[in-house]
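Residue numbers (our numbering): 8 to 501. For each residue, glycine too, the CB sits at the ideal point set by N, CA and C. Here the structure is laid out as structure tokens; the discussion comes afterwards.
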């Protein structure tokens with residue numbers, strides 16, 4: 008009988024004979040390749056919707072990715088392809104396949120235009136994962152760490168363009184999937200493309216070289232997206248990044264590779280401008296297109312060089328900016344993918360209702376503002392404001408009315424728990440409101456915290472009728488449930 012034992016945490020486990028760390032890394036990367044391709048297997052429509060069920064959706068998916076990759080333009084990854092343009096292209100690709108099915112006798116008639124339009128939209132939504140509204144997510148077992156890892160990825164990304172239209176752009180995983188480069192270093196892919204491009208030019212195959220230049224440009228954008236993704240990770244949480252092992256090696260490697268790529272493209276551009284000009288190529292339009300694509304790649308390399316050179320400054324700036332981050336804000340949701348995009352898909356009638364229910368989670372409840380003699384005197388000494396400023400101060404007072412309702416959804420059991428916590432806190436002599444809130448069990452937090460705030464605020468306002476009294480402190484507290492002015496709590500006999 009085989010007995011399986013769990014390895015203790017943080018303890019290295021021996022690898023089977025013949026296996027190395029690099030082999031396990033490659034194995035995990037190839038498994039990730041299959042995981043990224045999984046959504047493509049779900050593109051086929053219901054079999055009842057003939058003849059669309061016989062369409063080859065794998066080739067259409069590759070055409071979609073290729074079309075979006077070619078829609079990128081120079082500058083940032085904000086470039087992309089309008090959704091309407093991609094939909095029209097998908098219509099043409101489906102029609103070509105259906106016509107072939109009819110010729111082969113596998114389809115009786117052409118489907119309606121509405122059916123094809125609907126299918127084209129469903130294909131785009133599937134690659135965007137619109138039904139869920141978030142990234143694709145899967146679990147892959149790592150034999151290097153002997154544990155499952157949850158990975159998230161996207162194929163297409165949708166964003167709002169400056170003209171108000173929706174644009175599509177490929178993710179890094181999508182570009183890797185198209186170029187079958189997940190198990191191959193991106194730098195090796197770039198070198199191979201440049202070598203093929205140079206060979207085609209010397210063979211006089213200008214049309215083929217133009218297609219290779221498109222792929223060359225797409226991989227160049229992929230390089231830029233990789234560096235921009237690194238910058239985003241640094242800006243989100245620099246604590247997860249290591250300068251010596253992660254950032255510095257990538258900067259050095261990127262600078263060396265960028266210079267090599269620039270040298271190779273400059274040689275190709277020199278060949279286009281000198282040797283091919285002397286040979287008087289017949290199709291000068293293709294030659295002009297090719298030169299423009301190579302020059303575009305050179306411009307991207309210049310931008311990449313600037314990005315790589317400022318990575319160290321980004322890291323240092325992020326350290327300074329994030330050193331005082333509260334721990335509760337370290338794992339905030341992605342505003343674009345997890346909040347904004349789901350909101351955009353909500354029916355208009357439900358929007359106000361959802362916003363109202365999410366207000367406490369987004370804004371964070373606050374306790375009632377507390378006023379003492381010092382704050383009253385200080386506010387009285389402030390110079391008088393004009394009418395506009397007074398109106399804004401009135402509006403601010405109105406917003407204070409939206410503070411935490413301490414009387415809602417509070418039961419007698421909550422009040423009893425709150426009184427017990429206060430009594431326990433006063434057993435040591437003094438305590439603060441913040442300390443009491445921190446002691447509340449997480450599964451009962453809402454009602455007990457409201458009861459605590461109500462009892463302590465009542466003691467602050469009516470010291471003559473309470474068994475304890477509270478004084479306002481010159482600091483505020485912040486908890487995952489609420490925030491406000493902190494108070495020092497003491498027994499009346501003290």
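How about residue i and residue j: do their beta carbons lie closer than 9 Å?
| i | j | result |
| --- | --- | --- |
| residue 172 | residue 74 | no |
| residue 278 | residue 205 | yes |
| residue 101 | residue 68 | no |
| residue 198 | residue 219 | no |
| residue 502 | residue 417 | No answer is possible for residue 502: the residues shown for the chain start at 8 and end at 501. |
| residue 499 | residue 475 | yes |
| residue 464 | residue 494 | yes |
| residue 318 | residue 360 | no |
| residue 489 | residue 456 | yes |
| residue 311 | residue 224 | no |
| residue 168 | residue 87 | yes |
| residue 507 | residue 305 | For residue 507 there is no data in the structure shown, the boundaries of the chain being 8 and 501. |
| residue 166 | residue 250 | no |
| residue 482 | residue 137 | no |
| residue 444 | residue 478 | no |
So residue i is in the beta strand (DSSP E); what residue range does that whole segment cover?
| i | result |
| --- | --- |
| residue 490 | 490–498 |
| residue 425 | It is not in any beta strand (DSSP E) - residue 425 instead sits in the alpha helix (DSSP H) that spans 419–433. |
| residue 481 | 475–485 |
| residue 438 | 437–439 |
Could you tell me which residues DSSP pairs with residue i in its beta bridges?
| i | result |
| --- | --- |
| residue 323 | Beta-bridge pairing links residue 323 to no other residue. |
| residue 159 | 144 |
| residue 173 | 167 |
| residue 154 | 149 |
Measure the alpha-carbon distance for residue i versus residue j and round it to whole angstroms.
| i | j | result |
| --- | --- | --- |
| residue 132 | residue 36 | 26 Å |
| residue 209 | residue 217 | 13 Å |
| residue 148 | residue 32 | 11 Å |
| residue 144 | residue 152 | 19 Å |
| residue 105 | residue 215 | 28 Å |
| residue 85 | residue 176 | Note on residue 85: pLDDT 45, under 50, position unreliable in the model; no value is reported. |
| residue 174 | residue 468 | 57 Å |
| residue 496 | residue 437 | 6 Å |
| residue 491 | residue 421 | 20 Å |
| residue 170 | residue 92 | 14 Å |
| residue 423 | residue 429 | 10 Å |
| residue 345 | residue 238 | 20 Å |
| residue 124 | residue 110 | 22 Å |
| residue 503 | residue 63 | Any property of residue 503 remains undetermined from this structure, which presents the chain solely from 8 to 501. |
| residue 452 | residue 440 | 14 Å |
| residue 40 | residue 480 | 57 Å |
| residue 254 | residue 362 | 40 Å |
| residue 426 | residue 433 | 11 Å |
| residue 348 | residue 94 | 20 Å |
| residue 295 | residue 265 | 24 Å |
| residue 442 | residue 419 | 22 Å |
| residue 59 | residue 142 | 27 Å |
| residue 303 | residue 280 | 15 Å |
| residue 178 | residue 435 | 57 Å |
If you follow the alpha helix (DSSP H) that residue i is in, where does it begin and where does it stop?
| i | result |
| --- | --- |
| residue 167 | That residue, residue 167, is in no alpha helix (DSSP H); its beta strand (DSSP E) goes 163–167. |
| residue 502 | Here the chain has residues from 8 to 501 only, and residue 502 is not among them. |
| residue 304 | 291–316 |
| residue 64 | 64–77 |
| residue 261 | 255–280 |
| residue 106 | 90–110 |
| residue 453 | 452–468 |
| residue 210 | Element bounds for residue 210: n/a, residue is neither H nor E. |
| residue 126 | 120–135 |
| residue 349 | 348–351 |
Measure the beta-carbon distance from residue i to residue j and round it to whole angstroms, keeping in mind my assumption that it falls under 8 Å.
| i | j | result |
| --- | --- | --- |
| residue 135 | residue 163 | 5 Å |
| residue 314 | residue 272 | That belief does not hold up - the Cβ atoms of residue 314 and residue 272 are roughly 18 Å apart, past 8 Å. |
| residue 213 | residue 297 | 7 Å |
| residue 228 | residue 268 | About 13 Å; that fails the 8 Å criterion. |
| residue 200 | residue 226 | 6 Å |
| residue 181 | residue 72 | 6 Å |
| residue 42 | residue 158 | 7 Å |
| residue 76 | residue 185 | 7 Å |
| residue 155 | residue 146 | 5 Å |
Tell me whether residue i counts as near the ligand FAD, meaning its Cβ is closer than 8 Å to at least one heavy atom of that ligand.
| i | result |
| --- | --- |
| residue 72 | You won't find the ligand FAD in this model; it holds no ligand whatsoever. |
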